[in-house]
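Residue numbers (the numbering used here): -12 to 244. Even glycine gets a Cβ: it sits at the ideal position worked out from N, Cα and C. This report refers to the structure that appears directly beneath it.
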């Protein structure tokens, strides 16, 4: 397997490997208008981060096919790495939107804790949230640099992931019918759903989608749908609406979610 491909994930987003050949094209760009942060990742660079995330799960945690991860993260380039890395080694992902109006979004997890849990510090400290138990627990910051403080029993994902190389940790043999999420939804089903969402959004190869991170945090829309058809993504946190037109022009946006 070449370094620029994402194992297993290409079953759900087959255009991802092809896009890796364009090393100068930004596949996923992240803005935080509150801090001025901008991170632009090509397919190769996103693949490198996903490979590190896969190595953390597979080599650092000993996880793989049949294991489960709960992800409580916003639209962000690190979230993309966590998701693609988990799917790359066959770890089924339960993605949990942020709780609102005092109603936590829960999914039955059975009688055992998740094998890995990823959550932001903000959601860990939010009384509205019901963060599930996990054997391996990671805080994923959305700012720059390492976290200033990490509670006992948790690890800083940004620091731990850098202990692993950008080389994918071997080939994981997965079938399209294998579950990509704990509810049994398969890689093939997620891929078809992503293609359907892309069609609804009229997304096509070469399009550039702008996403307001506060409006829709489902990765099916902001990550898998555009990747499934060869589009790229610009994710904006704390979007300054007064800059929207300038952002659309500067980033050559063709679609807005």
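Excluding five sequence neighbours on each side, which residues of the same chain lie with their C-beta closer than 6 angstroms to the C-beta of residue i?
| i | result |
| --- | --- |
| residue 50 | 44, 78 and 102 |
| residue 16 | 27 and 221 |
| residue 227 | 20 |
| residue 106 | 59 and 118 |
| residue 144 | 125 and 127 |
| residue 52 | 77 |
| residue 142 | 125 |
Once the 5 residues before and after residue i are set aside, which same chain residues still bring their CB inside 7 angstroms of it?
| i | result |
| --- | --- |
| residue 89 | Its pLDDT being 48, under 50, residue 89 is placed unreliably in this model, and the value from its coordinates should be taken loosely. Once the five neighbours on either side are set aside, the close Cβ partners of residue 89 are 115. |
| residue 35 | 153 |
| residue 225 | 19, 20 and 21 |
| residue 67 | 15, 33 and 210 |
Looking at the ligand ADP, does it come within less than 7 angstroms of residue i, judged from the CB to the closest heavy atom?
| i | result |
| --- | --- |
| residue 166 | Only the bare structure without any ligand can be found here, which leaves the ligand ADP out of the picture. |
Skipping 5 residues on each side, what residues in its chain have a beta carbon closer than 8 angstroms to that of residue i?
| i | result |
| --- | --- |
| residue 177 | -1, 167, 168, 207 and 211 |
| residue 230 | 20 |
| residue 238 | 16, 195, 197 and 221 |
| residue 131 | 22 and 24 |
| residue 205 | 82 and 84 |
| residue 235 | 197 and 243 |
Could you give the DSSP three-state label for residue i: helix, strand or coil?
| i | result |
| --- | --- |
| residue 162 | coil |
| residue 50 | coil |
| residue 21 | coil |
| residue 16 | strand |
| residue 142 | strand |
| residue 112 | coil |
| residue 28 | strand |
| residue 44 | helix |
| residue 128 | coil |
Buried or exposed: which applies to residue i, given that a residue is buried once 16 or more other Cβ atoms fall within 10 Å of its Cβ?
| i | result |
| --- | --- |
| residue 120 | exposed |
| residue 13 | buried |
| residue 29 | buried |
| residue 54 | buried |
| residue 219 | buried |
| residue 38 | buried |
| residue 215 | buried |
| residue 232 | exposed |
(message) Would you call the segment 33 to 48 in contact with the segment 59 to 78, where contact means no fewer than 3 C-beta pairs closer than 8 angstroms?
(response) yes
(message) Whether or not the segment 193 to 202 and the segment 166 to 184 are in contact is what I'm after, with contact meaning three or more pairs of Cβ atoms, one per stretch, closer than 8 angstroms; do they touch?
(response) Fewer than three pairs of CB atoms, one per stretch, sit closer than 8 angstroms, so the segment 166 to 184 makes no contact with the segment 193 to 202.
(request) Please list the segments of the alpha helix (DSSP H) lying wholly inside the segment 153 to 235, counting only runs of 4 or more residues, in order along the chain. (result) 174 to 187 and 212 to 216
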